[in-house]
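751 is the number that my numbering gives the last residue of the sequence shown; the numbers go up by one with no jumps. All C-beta atoms in this analysis are idealised placements derived from N, C-alpha and C, irrespective of residue type, glycine included.
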Amino acid sequence: MTKTIKSYKIPGPKANEMLERRNEHVPRGPFNTAYTFADSAEGALITDVDGQSFIDFAGAIGSLNAGHCPPGVVQALKDQVEKYLHPCFHVMMYEPYIELAENLNRVTPGEHHKKTFFLNSGAEAVENAIKIARKYTGRKAILSFERGFHGRTYMAMSLTSKVKPYKYQFGPFVADTYKMSYPYYYRKPEGMTNEDVDQECITRLKNFFLSEVSAEETAAVIMEPVQGEGGFVVPSKEFVKQVKEICEEHGILFIADEVQSGFGRTGKLFAVEHFGIIPDIMTMSKSIAAGLPISAVTGRAEIMDAPGPGEIGGTYGGSPLGCVAANEVIKMMIEEKLPARAVEIGQKVEAAFSAFQDDYEEIGDVRGLGAMMAMELVKDRQTKEPDKELTQTIIRECISNGLIIMGSGLYGNVLRILSPLVISEEQLEEGLEIMRSVMDRHCKKRK
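The following block contains the structure:
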């Protein structure tokens with residue numbers, strides 16, 4: 305039975321007052337998806353300052369796989385606050401840092417000896433993974449992939465592959481960074497198979513070492529196992545394995561960027577586990593600590609030990625609060641079987657999105673892995689012309705009807721799902737029903 309869809313005023317009276325203050329005192333650069341302000345949140349629900357409750361399909365851009373305010377995390381934070389806030393690991397060490405390193409060394413892929421250290425954000429993790437790779441190999445070149453996103457600091461931005469809004473007029477960028485081809489099966493040339501696309505990308509990578517930079521001068525390849533900001537583009541297992549084999553052949557380090565795809569999102573604790581490879585280094589953040597700012601770099605011990613004392617780190621890296629929260633999240637992931645829940649969520653979302661694709665002309669592609677699901681919207685299924693305007697309209701109206709959702713993709717025409725993995729069946733179904741109601745008003749019905 306179809307439920308009555310809510311209709312909210314965005315922004316409401318209180319939010320509108322705060323919005324005026326925001327515009328007066330905060331620069332326009334930081335973007336906002338919903339033009340209202342949070343007052344409280346729990347699980348997969350957010351209530352704004354005007355008392356309006358929203359189902360959260362955005363999860364703080366993938367930071368809340370464990371949900372808003374999980375009780376175990378909240379209690380761990382309360383306990384920690386009573387002890388100490390931040391002695392700084394570089395001044396006096398503390399056990400939560402060591403415990404979290406032990407946990408990540410244990411749960412990340414591979415049985416080899418690993419070491420881990422901590423920073424504040426995904427971009428910082430990427431920056432430091434590159435520093436370590438260059439230090440260990442003595443090489444300079446770093447390869448990333450088209451449509452990849454690795455952050456907004458200078459090295460991370462240089463590795464990122466979308467000009468607007470991330471790179472426009474912010475150059476020059478860091479030297480010795482290069483973009484490789486990454487499969488995008490939905491937009492493959494007519495007549496090509498997915499295997500053909502993989503092989504063309506691999507051939508381009510091999511030719512790059514002949515025409516641009518030698519493999520002997522290449523320190524690392526950094527890859528998102530599933531592209532996040534790039535539109536939830538999923539490569540084949542064979543493509544990822546071939547890239548890893550090329551790295552192994554030439555002594556190039558393989559860095560898996562799991563900032564958005566990690567911590568249960570794809571149905572495994574880390575997305576790279578789907579592809580049958582073990583990375584040399586991994587970067588993690590977002591859902592590592594239920595929304596607290598902390599990031600991690602985990603890698604083979606001999607690689608991680610390449611920098612000397614003082615060459616990596618940061619004043620706030622691995623804060624005690626972030627560490628105790630992350631330790632609780634890892635415990636929660638295992639005990640509550642959240643990766644398995646991600647599979648269930650993904651199956652339901654994929655079924656709903658496939659039904660949307662059958663019903664509406666503008667749904668060009670449905671794709672994803674686990675609960676990392678997306679739809680790509682187009683103006684015409686034959687030409688596949690991106691429909692960014694419709695995508696933005698659907699996002700705005702979903703928010704006005706009580707559902708927080710976000711877009712992504714190189715063309716800004718992808719609707720993505722990053723709901724907390726603790727979302728209830730009722731909340732998930734209601735969110736999907738809101739999406740259908742909005743698309744009923746704005747999409748063409750297929751004949």
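Fewer than three pairs of CB atoms, one per stretch, sit closer than 8 Å, so the region 674-688 makes no contact with the region 332-344.
In the displayed model, Met527 falls within a strand according to three-state DSSP. Separation of the CB atoms of Val726 and Ala348 is rounded to 6 Å, and the pair is thereby assigned contact status at 8 Å.
DSSP, reduced to helix, strand and coil, places Glu346 within a strand of the structure shown.
For Thr481, the three-state secondary structure derived from DSSP is strand. Under the three-state reduction of DSSP output, Arg332 falls in the coil class, being neither helix nor strand. With respect to the 7 Å criterion, Ser540 and Asp502 are classified as neighbours on the basis of their beta carbons. DSSP, reduced to helix, strand and coil, places Ala593 within a helical segment of the structure shown. Three or more pairs of CB atoms, one per stretch, sit closer than 8 Å, so the region 371-387 contacts the region 626-637.
Secondary structure note for Phe660: its alpha helix (DSSP H) is the uninterrupted segment 642-663.
Contact between Val530 and Ile559 fails: their C-beta atoms lie close to 15 Å from each other, not under 8 Å.
Contact between Val563 and Gly711 is ruled out by a C-beta separation of about 18 Å, above the 8 Å threshold.
Per the coordinates, the alpha-carbon of Val353 lies some 30 Å from the alpha-carbon of Met677.
The C-alpha of Gly414 lies about 16 Å from the C-alpha of Asp561. At least 7 Å separates the beta-carbon of Lys483 from that of Ser462.
A straight-line Cα-Cα distance of about 12 Å links His746 and Ile667.
A direct Cα-to-Cα measurement between Val537 and Glu386 gives close to 44 Å.
With a threshold of 16 other beta carbon atoms within 10 Å, Val395 falls short and is exposed.
Within the same chain, Gly452, Asp561 come within 6 Å of Glu528 by CB-CB distance, once the 5 residues on both sides are set aside. Beyond the five residues adjoining it in sequence on each side, Val670 comes within less than 6 Å, by CB distance, of Phe657, Ser658, Gln661, Met679 in the same chain, given in chain order. Its chain contains Ile436, Ala437, Tyr440, Leu557, Asp584, Ile585 as the residues whose beta carbon lies nearer than 8 Å to that of Ile607, once the 5 sequence neighbours on both sides are disregarded; these appear in chain order.
In its chain, beyond the 5 residues on either side, Glu562, Gly566, Ala600 have a beta carbon closer than 6 Å to the beta carbon of Met588. A distance below 8 Å between beta-carbons, with the five flanking residues on each side excluded, links Lys749 to the following residues of its chain, in chain order: Asp663, Tyr664, Glu665.
When the beta-carbon positions are compared, Ala319 and Thr340 come within less than 7 Å of each other. Non-local beta-carbon contacts of Gly674 in its own chain, meaning distances under 7 Å to residues more than five positions away in sequence, involve Arg569, Thr570, Gly571, Ala646, Val647, Gly650 in chain order.
Taking all protein chains shown into account, Thr619 has fewer than 16 neighbouring C-beta atoms within 10 Å of its C-beta and is therefore exposed.
For Val378, the uninterrupted alpha helix (DSSP H) segment begins and ends at 375-385.
A distance of 7 Å or more separates the beta carbons of Phe579 and Val547. Taking C-beta atoms under 8 Å as the contact rule, Asn409 and Lys419 qualify, at a distance of about 7 Å. Close CB contacts of Asp691 within its chain, under the 7 Å cut and outside five residues either way in sequence, are with Glu666, Leu681, Val682, Lys683, Asn717 (chain order). In the three-state reduction of the DSSP assignment, Asp669 falls in the strand class. If you draw a straight line from the Cα of Ser311 to the Cα of Val628, it comes to about 39 Å. Per DSSP, Thr697 is one residue of the alpha helix (DSSP H) stretching across 692-704.
Spatial neighbours of Pro597 in its own chain (CB-CB distance under 6 Å, excluding positions within 5 residues in sequence) are listed in chain order as Asn424. The residue among Ile446, Thr497, Gln696 with its C-alpha nearest the C-alpha of Cys551 is Ile446. At the C-beta level, Ile708 and Ile699 stay beyond 7 Å of one another.
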